[in-house]
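Novice: Sequential numbering of the sequence shown, starting at 23, is according to the working numbering.
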Amino acid sequence: MTRTMTQPQSSSAPNTIDWTFTLASLWFVAGLYLDGWAHTHVAELETFFTPWHAVLYSGFFATFLCAAYAFWQSRTRPELKAYRLAFFAGLVFMAGGVLDLFWHTLLGIEANIAALLSPPHLLLATSGFLIVTSPLRAAWNRSKPNVTAMISLAITYALLTFFTMYTVPLLQGTGVDGMWQSKSNGVMGVLLSSVVMSGVMLFFMRRWTLPGGALLLVLLPAQLGLVVLDRITPDVIQLYYLTVIASLLVLEILRSILQPSVKRIAAFRSMAFLIPAVFSLSYFLAVQLTGRMGWEIHLWLGAIFGSGVMGLLLSYLVLPPEVTPEAA
23 MTRTMTQPQS
33 SSAPNTIDWT
43 FTLASLWFVA
53 GLYLDGWAHT
63 HVAELETFFT
73 PWHAVLYSGF
83 FATFLCAAYA
93 FWQSRTRPEL
103 KAYRLAFFAG
113 LVFMAGGVLD
123 LFWHTLLGIE
133 ANIAALLSPP
143 HLLLATSGFL
153 IVTSPLRAAW
163 NRSKPNVTAM
173 ISLAITYALL
183 TFFTMYTVPL
193 LQGTGVDGMW
203 QSKSNGVMGV
213 LLSSVVMSGV
223 MLFFMRRWTL
233 PGGALLLVLL
243 PAQLGLVVLD
253 RITPDVIQLY
263 YLTVIASLLV
273 LEILRSILQP
283 SVKRIAAFRS
293 MAFLIPAVFS
303 LSYFLAVQLT
313 GRMGWEIHLW
323 LGAIFGSGVM
333 GLLLSYLVLP
343 PEVTPEAA
């Protein structure tokens, strides 16, 4: 984060390649969520060749073709050099796809958490991460964040959410009476999912000042994707979306009041606490409103506070206190 940057570009507006690549990335990650739905809902899925894999891999090839074109154009257009990494990551992704085919053929189709942690899928996830972050990296030296950079970050957060879904409270029924999860695992899930969310937003806030609507644009798509992966009763899901949208609106109001930036350290750290804490509150409020809360108030309120502390602690890594000249 402290690396010297090149001269900022004169325009922050996204170009055609930025938009094309971003839309292809949406297609790519939408296929991932559809494939996740299939692994959860389709019984005895025993073949690599499925409609959901078709959406996933066609989305990937759309990003790869765009990356290859950007790679070629980057010889004369320096602003496209960020897409070079996407091209090489695409080659790794294709190798991972071949490995995934052999893996499924020899060892069978993974289910549940094993599908997230199998080596071929982790290779695909890592290369996919390098691919979908390209518009964000392309905007890094621009003075202001553009729309494609924020959508790229939203896609990245959705990808991270997918591969850490075993920590997501909504998918695990955290705190819901009669669900399978233990209290200790539930608390750990709240804290870990808060770390992922905080890390994404603090990364953005360290580079740019949060513009209006950024929280909605970056955080909401992953939450909408959870509908596809639902494994909990509709009453909790419906109330969750009401509370999460309300929470994002509250966070947008708090952002406009606090105006967090690297020059306003107290506001920066306050926002780092509030983002995960308010989000956790939105979930537990939904569970409470259904009348199905199975945790005592000490536990779920403590989990909310703990999620905020995770964000606050991360803010000290992202933006550490300055060392005075005397101490240096």
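Just so you know, even glycine gets a beta-carbon here, dropped at the ideal spot from N, CA and C.
Starting from the Cα of tyrosine 79, find the closest Cα among Leu145, Gly119, Tyr263 and give me that residue.
Specialist: Residue Gly119 is the option with its Cα nearest to tyrosine 79.
Novice: Report, in whole angstroms, the separation of the C-beta atoms of serine 156 and leucine 107, which I expect to be a contact under 8 Å.
Specialist: At roughly 7 Å, the Cβ-Cβ gap stays under 8 Å, so serine 156 and leucine 107 are in contact.
Novice: Is the beta carbon of phenylalanine 109 closer than 7 Å to that of threonine 85?
Specialist: In this structure, phenylalanine 109 does not lie closer than 7 Å to threonine 85 by Cβ.
Novice: With a cut-off of 8 Å on the beta carbons, I'd call threonine 186 and leucine 214 a contact; round off their distance for me.
Specialist: Yes, threonine 186 and leucine 214 are in contact; Cβ-Cβ is about 7 Å, under 8 Å.
Novice: What are the complete alpha helix (DSSP H) segments, minimum 4 residues, inside the segment 131 to 209?
Specialist: Whole alpha helix (DSSP H) segments, 4+ residues: 135 to 139, 141 to 154, 156 to 160, 169 to 185, 191 to 194.
Novice: Going by alpha carbons, who is nearest to methionine 219 out of Tyr305, Arg286, Leu246, Pro298?
Specialist: Ranking Tyr305, Arg286, Leu246, Pro298 by Cα distance to methionine 219 puts Pro298 first.
Novice: Taking DSSP as the reference, what is the three-state secondary structure of arginine 99?
Specialist: In the structure shown, arginine 99 sits in coil (DSSP, three-state: anything other than H, G, I, E or B).
Novice: Enumerated in chain order, which unbroken segments of the alpha helix (DSSP H) with a length of 4 residues or greater are wholly contained in the segment 219 to 273?
Specialist: Runs of the alpha helix (DSSP H) inside the segment 219 to 273: 236 to 247.
Novice: What's the C-alpha gap between arginine 159 and serine 206?
Specialist: Each residue's alpha carbon lies about 37 Å from the other.
Novice: Taking C-alpha atoms, which residue in Phe151, Arg228, Leu182 lies nearest to leucine 341?
Specialist: For leucine 341, the nearest C-alpha among the options comes from Arg228.
Novice: Would you tell me roughly how many angstroms separate the C-alpha atoms of leucine 335 and threonine 72, rounded to the nearest one?
Specialist: Spanning the two alpha carbons is a distance of roughly 43 Å.
Novice: Given that a residue counts as buried once 16 or more other Cβ atoms are within 10 Å of its Cβ, and exposed if not, what is proline 142?
Specialist: Proline 142 comes out buried.
Novice: Considering threonine 72, what are the terminal residues of the alpha helix (DSSP H) in which it resides?
Specialist: First-last for threonine 72: undefined, no H or E at that position.
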